[in-house]
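Remember, this note's numbering sits 499 above the position in the sequence shown when you count from 1.
Note that the Cβ used here is the ideal one computed from N, Cα and C, for glycine as well.
Below is one structure, written out as structure tokens; comments come after it.
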Amino acid sequence: MFPKVSVFICVYQQAHFIRDTIESVLAQNYPNLEIVVGDDGSTDGTQEILREYDEKYPELFKLILSPANAGITANSNKVLTQCSGD
């Protein structure tokens, strides 16, 4: 039995890097992952990229999209509450 592992990703304005970040998680061979991503109101295309991954991997993704930037603490707290890993 493999315990669930939550991968916690907080982002803001990371369109140039978010694909590499997500692809590195997807490349892992651990069989019981969830990817919880919180975007803090990005306006650079990050949210659109995240929606693509959410559509492609709905069983792996939990996506939290904020309409406006609230800061790292608020974004981190939102993401943490959605993590269900052991």
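Quick check on Ser523: does DSSP put it in helix, strand or coil?
Translated into the one-based positions of the sequence shown, residue 523 becomes position 24. Helix at Ser523.
Using three-state DSSP, classify Ser575 as helix, strand or coil.
Within the sequence shown, residue 575 is the residue found at index 76, counting from 1. Reduced to three states, the DSSP call for Ser575 is helix.
With H, G and I counted as helix, E and B as strand and the rest as coil, what does DSSP make of Lys503?
On the sequence shown, residue 503 is found 4 positions in, with the first residue counted as 1. Three-state result, Lys503: coil.
Are there 16 or more other CB atoms within 10 angstroms of the CB of Glu513, so buried, or fewer, so exposed?
As a first step, residue 513 must be located in the sequence shown, where it is residue number 14. Per the sequence shown, the amino acid found at residue 513 is Gln instead of Glu. By the 10 Å Cβ count, Gln513 comes out buried.
What does DSSP give as the partner residue(s) for Lys555 in the beta ladder?
Looking up residue 555 in the sequence shown gives position 56. For Lys555, which the question treats as bridged, DSSP gives no partner whatsoever.
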